[in-house]
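Trainee: Quick one: structure below, then a few questions.
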Amino acid sequence: MRRDHIAAAASPTGPTFLSRRGFLLGAIGTGIATTSLAACGSGQSAGSGDSEIVFMNQSRGQAAALAALAKQYTKQTGVKIRIDDVGPTDFLTKLQSSSQSRDMPDIYSAVDSFSMAPYYKAGWAMDLTDRMKSGWGDTFRPTTLKTSTFTADNPQGVKPGIYSAHWEAPALGIFVNSAMFKAAGLDPDQPPAGMSEFIDQLVKIKKSGKGPFWFATSLVNQLVQGYASNYLTDDELNATFIGKSSWKSDSWRKSLQILVDLRDAGVIATGSLPSGNNDNPTVEKAFFNTQGVAAVFDGTSAVGVARATAPDFTDFRSFPLPKADDGTQDPRLVAGAAKGAAINPRSKNAAKALKFVQWLTEPAQQTAFAQKVPLIPSARAVSDKHIPQQLAGIAAKISDVQLVQNQMRQQVITALQKGAQAIVLKERTVDQVLGDLDAAQRSA
Numbered sequence: 383m384r385r386d387h388i389a390a391a392a393s394p395t396g397p398t399f400l401s402r403r404g405f406l407l408g409a410i411g412t413g414i415a416t417t418s419l420a421a422c423g424s425g426q427s428a429g430s431g432d433s434e435i436v437f438m439n440q441s442r443g444q445a446a447a448l449a450a451l452a453k454q455y456t457k458q459t460g461v462k463i464r465i466d467d468v469g470p471t472d473f474l475t476k477l478q479s480s481s482q483s484r485d486m487p488d489i490y491s492a493v494d495s496f497s498m499a500p501y502y503k504a505g506w507a508m509d510l511t512d513r514m515k516s517g518w519g520d521t522f523r524p525t526t527l528k529t530s531t532f533t534a535d536n537p538q539g540v541k542p543g544i545y546s547a548h549w550e551a552p553a554l555g556i557f558v559n560s561a562m563f564k565a566a567g568l569d570p571d572q573p574p575a576g577m578s579e580f581i582d583q584l585v586k587i588k589k590s591g592k593g594p595f596w597f598a599t600s601l602v603n604q605l606v607q608g609y610a611s612n613y614l615t616d617d618e619l620n621a622t623f624i625g626k627s628s629w630k631s632d633s634w635r636k637s638l639q640i641l642v643d644l645r646d647a648g649v650i651a652t653g654s655l656p657s658g659n660n661d662n663p664t665v666e667k668a669f670f671n672t673q674g675v676a677a678v679f680d681g682t683s684a685v686g687v688a689r690a691t692a693p694d695f696t697d698f699r700s701f702p703l704p705k706a707d708d709g710t711q712d713p714r715l716v717a718g719a720a721k722g723a724a725i726n727p728r729s730k731n732a733a734k735a736l737k738f739v740q741w742l743t744e745p746a747q748q749t750a751f752a753q754k755v756p757l758i759p760s761a762r763a764v765s766d767k768h769i770p771q772q773l774a775g776i777a778a779k780i781s782d783v784q785l786v787q788n789q790m791r792q793q794v795i796t797a798l799q800k801g802a803q804a805i806v807l808k809e810r811t812v813d814q815v816l817g818d819l820d821a822a823q824r825s826a
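Be aware that the sequence shown starts at 383, since it is given in my numbering, and climbs by one per residue.
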């Protein structure tokens, strides 16, 4: 089944699209809910006064583009914008501190729903629902709005509404080093027909003396979920995530088997998965900066990080996770609504902040993001010709995405990530890990 727009993977009700950094933020989201609620009260935040609008930015990959657009907006309107580039490591800590001190910024990056929910519940984000219905929403891919919407009875307990506006439509897939593939006699511009062909390619890469393939422990759940779409419909995925279907099914057994196949082929770089707080940045550094591995599984937002940290390395390509040779379904990307912004309604500059965010999401500015970051824009009006070549492979399949109503439970994600590492290290079997997932589902 084809989808016309981006999937609900980062939505309040969809399987969360997260890097390791996002996962960590999400993991502490519940813990900050009480302190944020206690701190906010009903008064205004101190904000930044009337002199300038402050945007607390989480994204290091988008920092330069955001700064350039802010400067352009100031030149056009006379409204001064100050970008506070906190970065991914300290973002949520500083945001929590700001909420407790009642000195929230006028605008702040909207990341995953787990991390943002406490702030939305505490009244630190403007409800944009009516504005989206009044015409602003026509700017976006329809499902970008869906991924941004908290529906009734959402797991986070947020009042139904839309509290953020997004200018990126991300997805997860494979990135390959073109030179390394060519050196092994492979065409980086021709995606493999299936997973077995991809593994064969990685074996050739290994024989050439290069690290073949790597991915972070924190992205295992997205990799497995993406591969599971070869065997399960979105409704069947959802049934597992809410506990109506068992993880101990043949479909999930085949989905986790990919870890065994990669392990047994010897194509996982270092023979283990990086873990810890910086596991995905470690993978990105190995691919983009030191060029020690030929292929990685990562999100499209990583290309922005690459341009910021390794601007001279541009010879890489992307394509969706290769399909299973024995799949019964058309595979779909794990995707979502990524970088965007929430507006502090208590700020003295709330009206001005809203205008700036609306301006940022217009097609012209989204085109600039696509070219400078780069990224896949959420605006429907932006032409594919503005999407950089490095993202073209994934962008070509951006309509083939998962639309799953609910997320994997956090306990299940933790068990899956731990179990995947154990499979790679031959410490546990696939069936044992499936049992662990069922047990984690029951405890959720």
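Every residue, glycine too, gets a C-beta built ideally from N, C-alpha and C.
1) Mapping the DSSP letters down to three states, classify S481 as helix, strand or coil.
2) Quick check on DSSP: helix, strand or coil for L638?
3) State the beta-bridge partners of Y613 as determined by DSSP.
4) Using 8 Å for Cβ pairs, my map puts V783 next to L715. What's the rounded Cβ distance?
5) Is it a yes or a no for the stretch 547–566 touching the stretch 695–703, going by three-plus beta-carbon pairs under 8 Å?
6) Determine the burial state of K831: buried for a count of at least 16 other Cβ atoms within 10 Å of its Cβ, exposed for fewer.
7) Can you check which of these residues, D467, T533, S491, W506, is closest to Q482 by C-alpha distance?
8) Assuming A551 and R523 form a contact by the criterion Cβ under 8 Å, report the distance between their Cβ atoms to the nearest whole angstrom.
9) Out of L638, G517, D466, A492, state which residue places its alpha-carbon closest to the alpha-carbon of Q803.
10) Helix, strand or coil: which one does DSSP assign to V812?
11) My guess is that S578 and D707 are in contact by the Cβ rule of under 8 Å, so how many angstroms apart are they, rounded?
12) Would you tell me roughly how many angstroms separate the C-alpha atoms of L819 and A797, rounded to the nearest one?
13) Can you name, in chain order, every residue of its own chain whose Cβ lies under 6 Å from the Cβ of N659, other than the five neighbours on each side?
14) Can you tell me whether R327 is buried or exposed? The criterion is at least 16 other CB atoms within 10 Å of its CB, across all chains shown.
15) For Y545, which three-state DSSP category applies?
16) Would you give the residue range spanned by the alpha helix (DSSP H) that A565 belongs to?
17) By the three-class DSSP mapping on this structure, what secondary structure does F695 have?
18) Can you tell me which of the three DSSP states V540 falls into?
19) Hey, S825 and Q793: beta-carbon distance below 7 Å or not?
20) Would you kindly work out how many angstroms separate the C-alpha atoms of S627 and Q604, rounded to a whole number?
21) Going by C-alpha distance, which of Y545, L816, K734 is nearest V436?
22) May I ask you to report which of helix, strand or coil DSSP gives N439?
23) Would you list, in sequence order, the uninterrupted beta strand (DSSP E) runs of no fewer than 3 residues that lie entirely inside the stretch 712–751?
24) Quick check: what's the CA-CA separation for M514 versus T459?
25) Select from A449, Y490, A452, L477 the residue whose C-alpha is nearest the C-alpha of G722.
26) Give every residue of the same chain whose Cβ lies closer than 6 Å to the Cβ of F563, excluding the five residues on either side of it in the sequence, and list them in chain order.
27) If you draw a straight line from the alpha carbon of A596 to that of A668, how long is it in whole angstroms?
28) Using 10 angstroms around the beta-carbon of L807, count the other beta-carbons present and answer buried if the total reaches 16, otherwise exposed.
29) Using the Cα positions of A492 and D467, report the straight-line distance between them to the nearest angstrom.
30) The alpha helix (DSSP H) spanning V806 covers which residue range?
31) Do A452 and I463 have their C-beta atoms closer together than 7 Å?
32) Rounding to the nearest angstrom, what Cα-Cα distance links D694 and P756 in this structure?
33) If we count the other Cβ atoms within 10 Å of its Cβ and call it buried at 16 or more, is S516 buried or exposed?
34) Could you work out which residue in A690, L568, R728 is closest to P594 when comparing CA atoms only?
35) Short of 8 Å in beta carbon distance, which residues of its chain neighbour A421, apart from the five on each side in sequence? Order them along the chain.
36) Give me, in chain order, the residues of the same chain whose beta-carbon lies closer than 7 Å to that of A763; leave out the 5 immediate sequence neighbours on both sides.
Mentor: Reading from the atomic positions:
1) helix
2) helix
3) Note: Y613 sits in no beta bridge, so no partner.
4) 5 Å
5) yes
6) There is no way to answer for residue 831, as the model of the chain reaches only from 383 to 826.
7) W506
8) 6 Å
9) L638
10) helix
11) 5 Å
12) 6 Å
13) none
14) This structure cannot speak to residue 327, because the chain is shown only from 383 to 826.
15) coil
16) 560–565
17) coil
18) coil
19) yes
20) 19 Å
21) K734
22) strand
23) 722–725
24) 23 Å
25) Y490
26) P570
27) Correcting the residue type first, residue 596 is Trp in the shown sequence and not Ala. Distance between the alpha carbons of W596 and A668: 9 Å.
28) exposed
29) 14 Å
30) 792–806
31) yes
32) 14 Å
33) exposed
34) L568
35) Unreliable positioning characterises A421 in this predicted model, as indicated by a pLDDT of 41, which lies under 50. The coordinate reading is nonetheless provided below. Cβ neighbours of A421 beyond the five flanking positions: S481, Q482, S483, R484, A504.
36) P745
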